[in-house]
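Residue numbers are given in this note's numbering: position 12 of the sequence shown equals residue -2, and the series is strictly consecutive.
We put the CB at the ideal spot given by N, CA and C, even for glycine.
Everything on this sheet refers to the single structure shown next.
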Amino acid sequence: MSKKIDRGLLPGDSLSPLLFVLCMDPLSRKLNEKYTKVTIKTDAESHATNHLLFINDLKLLAEDGHTLEEMTEEVKKFMNNIGLEINKEKSATNDPCCEDTATLLEGIGVYKYLGIIEDSRGIPTSKSFEEVQTKLI
């Protein structure tokens, strides 16, 4: 049995982030099973992941363009199955492999992601890291 959904949540609905993350959970599990994780190091510790999900946002992390391209195709296929699509105007990449899906960040040394300034590798700048630390402590 299937039901066509005629309209989505209203903008700003507090359920929206939770529903997005719940809908993306199968994709998250698949990405974790299928693709190598990238280690992100900070001064105190390190974390390994190949993607981040936050509110209504997905960020893919890969060691090389080929893996990133495969992950992007996996995401596109999954999103198509659940009736979502990637908005190229709101998406960016630092690898030419995904130019058809996201805007290429050519010659840009830093960019802002979720309010934090990161370098082209997706690592927060030391100034941004210090700002976050002072707000948390």
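- The residue among 117, 86 and 49 with its C-alpha nearest the C-alpha of residue 59 is 86.
- Taking C-beta atoms as the reference points, residue 79 and residue 90 count as a pair closer than 8 Å.
- Under the 10 Å beta carbon count, residue 73 is surrounded by fewer than 16 other beta carbons and is classified as exposed.
- One thing to note: residue 23 has its Cβ no nearer than 8 Å to the Cβ of residue 30.
- Each residue's CA atom was taken as its position, placing residue 51 and residue -4 some 36 Å apart.
- The Cβ neighbour count for residue 66, taken over all protein chains shown within 10 Å, is under 16; the residue is labelled exposed.
- Around the Cβ of residue 17, a 10 Å sphere holds 16 or more other Cβ atoms; the residue is buried.
- Linking residue 57 to residue 5 through their CA atoms gives a straight-line distance of about 22 Å.
- In the DSSP assignment, residue 23 falls outside any beta strand (DSSP E), carrying neither H nor E.
- Cβ-Cβ separation between residue 46 and residue 7: approximately 16 Å, too far for a contact (criterion under 8 Å).
- Exposed is the label assigned to residue -1, since fewer than 16 other Cβ atoms lie within 10 Å of its Cβ.
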